[in-house]
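Heads up: the structure comes next, in C-alpha cells.
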Amino acid sequence: MVAYGRHPCHRRNQASKTNITLTCRLSESFYRATVNQECITAFNDLKLSKKYKYIIFKLSDDNKEIVIDKTGDSSEDYEVFREALMNATTKSRSGQVGKGPRYAVYDFEYQLASGEGTRNKITFIAWSPDDAGVMPKMIYASSKEALKRALTGIATELQANDADDIEFETIKKTVSKGTAA
Numbered sequence: 000m001v002a003y004g005r006h007p008c009h010r011r012n013q014a015s016k017t018n019i020t021l022t023c024r025l026s027e028s029f030y031r032a033t034v035n036q037e038c039i040t041a042f043n044d045l046k047l048s049k050k051y052k053y054i055i056f057k058l059s060d061d062n063k064e065i066v067i068d069k070t071g072d073s074s075e076d077y078e079v080f081r082e083a084l085m086n087a088t089t090k091s092r093s094g095q096v097g098k099g100p101r102y103a104v105y106d107f108e109y110q111l112a113s114g115e116g117t118r119n120k121i122t123f124i125a126w127s128p129d130d131a132g133v134m135p136k137m138i139y140a141s142s143k144e145a146l147k148r149a150l151t152g153i154a155t156e157l158q159a160n161d162a163d164d165i166e167f168e169t170i171k172k173t174v175s176k177g178t179a180a
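The numbering of the sequence shown is numbering that gives the first Met the number 0, which starts it at 0 and goes up by one.
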C-alpha cells in the first residue's frame with residue numbers, strides 16, 4: 000500500500016482521504032481477480048454448441064475469482080433468467096446478505112421485422128441493481144473487464160440497474176438495434 004499523500008489519487012482534505020483510500024485499496028486488491036477456466040469452457044459451450052441459453056457469473060466469496068453462479072439450458076424461459084438476476088444476493092464482510100450484482104451472458108434470438116430470418120446475438124449484461132450495496136457494486140464494476148476479455152465473441156454489452164432494464168422487449172430492441180419483429 001502506498002503511503003497516504005504519495006499516491007496520485009490522494010487528496011489533501013480529510014473528507015476525501017477516507018473515500019479515496021477505500022477506492023485505491025479496492026482497486027489494488029481486485030486487479031488480481033481471475034476468471035475461472037470453467038467460465039470460459041461454459042461460454043464456449045454456449046457459443047459453439049448451444050448447450051446453454053445463458054450463464055450467470057459471480058465473484059467468489061473472497062472476491063478473487065469470477066465463477067459460474069447458474070446456467071440455463073436452451074429450453075429455459077427468459078423469465079427464469081431474469082428472476083435469477085433479480086434475486087441474486089451478495090454477502091458483505093460483516094455477514095449481511097443483500098441484493099447483489101452479477102455478470103451474465105445470454106444468447107438472444109429474434110426474428111427480423113423485414114422477414115429475412117432469425118438472428119442470434121450473444122449479449123453480455125452487467126447487472127448492478129440500484130438497491131445493491133455500494134461496496135459490491137464497486138467491486139463488480141472494477142472486475143468486469145477481466146471477464147469480458149476472457150469471453151471472445153460477445154456481440155453486445157448492456158448495463159442493467161433495475162427490473163425495466165432487463166425486460167425481454169427492452170433488451171431485444173437494444174440487441175437488434177430496432178430491426179426485430
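Note that CB positions come from ideal geometry on N, CA and C, so glycine has one too.
Values in this document were obtained by computation on a predicted structure and should not be read as measured data.
| Check | Outcome |
| --- | --- |
| DSSP state of residue 180 mapped onto helix, strand, coil | coil |
| Helix, strand or coil at residue 146 according to DSSP, with G and I counted as helix | helix |
| Residues near residue 41 in its chain [Cβ-Cβ closer than 7 Å; skip 5 each side] | 51, 54, 67 and 70 |
| Bridge-paired residues (DSSP) for residue 119 | 108 |
| DSSP-derived helix/strand/coil call for residue 33 | strand |
| Residue 112 burial status per 10 Å Cβ neighbour count (16 or more: buried) | exposed |
| Touch test, the region 129-144 against the region 71-81, Cβ-Cβ under 8 Å, three pairs minimum | no |
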